[in-house]
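Chemist: In this note's numbering, the protein residues as written are 9 to 182.
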Amino acid sequence: MLGRRNGFFAFESALLVRPYYSESSPLGIVQWNAPKLWKGNYGSSLPDMLCFAEDAFGVQFCIHNATICSFDPETAVLKEIARSIGGWAGWILEDHKVRTGWPLAHFWQLRHGPLRHGGRLLPKVPFVLGGQFTVENLYELNDLEGMRVRADIATQLKACPDGSKVVIRIRRGG
């Protein structure tokens, strides 16, 4: 895929496929996967994965154990979705509206203007805590800061049983 196109946006920036190498926003695959950038914020339980793309909300698409998976940044849950990059592309195209977040990204951009390079849409109330998939519940944040914020949420929720009442504390900065 990178041999044909070294990074691109699709579906009005709802899908970002990262370039191989870029030190500017959006970061390249090499830079994005540096352990100290954001992955370390998830702690030692984060699986070995190479992230190469993401949806409008920062859900990562990655290679893990020779399969293509999605990684939910709010829960740190990894799900297998395809056995190859071609299979992943087909999976995206089967339901691109849901799998990229395109409709919400489209309507958010009509109100607020285009997403900045490296910008992703985060929920004001996290989806994992019942936040709605609505334009009103979204704000734009730099992809790196967004991953760090969600790593903080995921690590706080890790020990909570389903249905628990929670208070999330957001700590800004690396």
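Glycine is no exception: its CB is placed at the ideal position from the N, C-alpha and C atoms.
In angstroms with no decimal places, state the Cα-to-Cα distance between VAL67 and LYS44.
Modeler: Their Cα atoms are separated by approximately 19 Å.
Chemist: How would you write the range of the alpha helix (DSSP H) that LEU101 sits in, first residue to last?
Modeler: 93 to 102
Chemist: Under the rule that 16 or more other beta-carbon atoms within 10 Å means buried, what is LEU137, buried or exposed?
Modeler: exposed
Chemist: DSSP beta-bridge partners for GLU62?
Modeler: LEU24, GLN68
Chemist: Can you give the beta carbon distance from LEU165 to GLU148, rounded, assuming they're within the 8 Å contact cut?
Modeler: So it is not a contact: roughly 23 Å between Cβ atoms.
Chemist: Any idea what DSSP makes of TYR43, helix, strand or coil?
Modeler: Inspection of the sequence shows that residue 43 is occupied by Pro rather than by Tyr. In the structure shown, PRO43 sits in coil (DSSP, three-state: anything other than H, G, I, E or B).
Chemist: With DSSP collapsed to three states, give me the class of ALA90.
Modeler: strand
Chemist: Just checking, does the region 111 to 125 make contact with the region 92 to 101 on the three C-beta pairs under 8 Å criterion?
Modeler: no
Chemist: Pick helix, strand or coil for GLU144, following the three-state DSSP scheme.
Modeler: The answer is helix: DSSP assigns GLU144 an H, G or I state.
Chemist: With contact counted as at least three CB pairs below 8 Å, one residue from each stretch, are the region 145 to 159 and the region 60 to 74 in contact?
Modeler: yes
Chemist: Just to confirm, are ALA61 and VAL85 a CB contact at a threshold of 7 Å?
Modeler: no
Chemist: Any idea if THR108 is buried or exposed, counting beta-carbon neighbours within 10 angstroms, 16 or more meaning buried?
Modeler: buried
Chemist: Quick check on the burial criterion: 16 or more other C-beta atoms within 10 angstroms. Buried or exposed for LEU58?
Modeler: exposed
Chemist: Could you check how far apart the C-beta atoms of LEU146 and LEU112 are, in whole angstroms? I think they sit under 8 Å.
Modeler: 7 Å
Chemist: Given this structure, state the Cα-to-Cα distance separating GLU20 from GLY139, to the nearest angstrom.
Modeler: 23 Å
Chemist: Would TYR50 be called buried (16 or more neighbouring beta carbons within 10 Å of its own) or exposed?
Modeler: buried
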